[in-house]
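J.:
Residue numbers (the working numbering): 36 to 286.
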């Protein structure tokens, strides 16, 4: 089967952010779908909202992927986030040979209670279709020291004691993205939803959360089609949007 993802690879030594590079490329024309941009270092790596992404040069995978999911309605755009998260999770599970890899809603990949990767999807919507999508991924591979202000980072090398070839990790990740993107194009939405839900950190486990000044214990019930996290708090089903709730992983 011909692979869509990574059929065109653009490599850089140092950029501000691969997602910004991808946005500039899209603004200038229409690169082939599946184009991947990687860099050894990025000075302005971004996460969700105002979050940033720290990475030592050459140690980790810093990439963005360009897709044209015009078959997907804008209301269902969180599915793009689901498939990228599942692909990263699968890649880390295979290479570290551990099942302790989960998805922390909405955009982080965790090994135990430590963050190993993050994804960020930026969509351009025109009318009733998604014109283009840029999927940014940061995956900690060989870095073993991190800034003290990062609360809980970990890398594949820290888990296994092994040094990995970043390009080989990239190749496997692109195969996984191809797989899940094919499922999405073939409308296998229920399968994607089920896999994502079962892969969530704290799924079907009582855990502590914080919303505003309130701390409560609850159990993840579902994720809505719009990407909102649904938690059972006693007999009450509560729903939270991105940035409305915080996992209390150490409390």
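Yeah, the Cβ is synthetic: ideal placement off N, Cα and C, and Gly gets one too.
Is it right to say residue 110 is buried, meaning 16 or more other beta carbons lie within 10 angstroms of its own, or is it exposed?
T.: In the chain shown, the residue the question calls residue 110 occupies position 75. That one is exposed.
J.: State the Cα-Cα distance for the pair residue 138 and residue 65, rounded to the nearest angstrom.
T.: Locating residue 138 in the chain shown gives position 103, counting from the first residue. Locating residue 65 in the chain shown gives position 30, counting from the first residue. Distance between the alpha carbons of residue 138 and residue 65 is about 32 Å.
J.: Return the chain-ordered ranges of every alpha helix (DSSP H) run that is complete within the region 242-269 and spans a minimum of 4 residues.
T.: For the region 242-269, not a single whole alpha helix (DSSP H) run of length 4 or above is found.
J.: I'd like to know whether the C-beta atoms of residue 198 and residue 177 end up nearer to each other than 8 Å.
T.: One-based indexing of the chain shown puts residue 198 at position 163. One-based indexing of the chain shown puts residue 177 at position 142. Cβ distance < 8 Å, so residue 198 and residue 177 count as in contact.
J.: Would you decide whether residue 52 is buried or exposed? Buried here means 16 or more other CB atoms lie within 10 Å of its CB.
T.: Taking the chain shown and counting its residues from 1, one reaches residue 52 at position 17. It is buried - the Cβ of residue 52 has at least 16 other Cβ atoms within 10 Å.
J.: Count Cβ pairs between the region 52-62 and the region 95-110 that sit closer than 8 Å; are there 3 or more?
T.: Output reads yes: the region 95-110 touches the region 52-62.
J.: Answer yes or no: the CB of residue 177 versus the heavy atoms of the ligand SAH, is any distance below 7 Å?
T.: This structure does not include the ligand SAH; it has no bound ligands of any sort.
J.: Does DSSP put residue 185 in a helix, in a strand, or in coil?
T.: One-based indexing of the chain shown puts residue 185 at position 150. Residue state, collapsed to three classes: coil.
J.: At what residues does the beta strand (DSSP E) containing residue 158 begin and finish?
T.: On the chain shown, position 123 is the one that residue 158 refers to. Note, residue 158: beta strand (DSSP E), 149-161.
J.: Check whether the Cβ atoms of residue 44 and residue 67 lie closer than 8 Å to each other.
T.: Here residue 44 corresponds to residue number 9 of the chain shown, with the count starting at 1. Here residue 67 corresponds to residue number 32 of the chain shown, with the count starting at 1. It is not a contact, given that the beta carbons lie outside the stated cut-off.
J.: Can you name the start and end residues of the beta strand (DSSP E) that residue 75 belongs to?
T.: Counted from its first residue, the chain shown places residue 75 at position 40. Segment 70-77, the beta strand (DSSP E) holding residue 75.
J.: Is residue 126 buried or exposed, if buried means 16 or more other CB atoms sit within 10 Å of its CB?
T.: On the chain shown, residue 126 is found 91 positions in, with the first residue counted as 1. Buried, by the Cβ-count rule.
J.: Just curious, the alpha helix (DSSP H) that residue 204 is in, first and last residue?
T.: For the purposes of this step, residue 204 is taken as residue 169 along the chain shown, with counting starting at 1. Start and end: 201-220.
J.: If I measure Cβ to Cβ from residue 117 and keep anything under 6 Å in the same chain, skipping five residues before and after, which residues do I get?
T.: One-based indexing of the chain shown puts residue 117 at position 82. Correct list, in chain order: 227 and 231.
J.: Per DSSP, residue 49 is paired with what?
T.: Residue numbering aside, residue 49 sits at position 14 when the chain shown is read from its first letter. DSSP, once it has assigned bridges, lists 76 as partnering residue 49.
J.: According to DSSP, is residue 275 helix, strand or coil?
T.: By one-based count along the chain shown, residue 275 stands at place 240. Residue 275 falls in the strand class under three-state DSSP.
J.: Can you round the beta-carbon distance between residue 93 and residue 75 to whole angstroms, since I take them to be within the 8 Å contact cut?
T.: Within the chain shown, residue 93 is the residue found at index 58, counting from 1. Within the chain shown, residue 75 is the residue found at index 40, counting from 1. With 8 Å as the limit, residue 93 and residue 75 qualify as a contact, their Cβ atoms being about 5 Å apart.
J.: Whole angstroms are fine: how far does the CA of residue 141 sit from the CA of residue 277?
T.: On the chain shown, residue 277 is found 242 positions in, with the first residue counted as 1. On the chain shown, residue 141 is found 106 positions in, with the first residue counted as 1. Looking at the two C-alpha atoms, the distance is approximately 7 Å.
J.: Is the beta carbon of residue 104 closer than 8 Å to that of residue 168?
T.: As a working note, residue 168 is residue 133 in the chain shown. As a working note, residue 104 is residue 69 in the chain shown. Yes; because the gap between Cβ atoms is below 8 Å, this pair is in contact.
J.: Check this for me: beta carbons of residue 212 and residue 133, under 8 Å apart or not?
T.: Taking the chain shown and counting its residues from 1, one reaches residue 212 at position 177. Taking the chain shown and counting its residues from 1, one reaches residue 133 at position 98. Result no, Cβ atoms of residue 212 and residue 133 do not sit closer than 8 Å.
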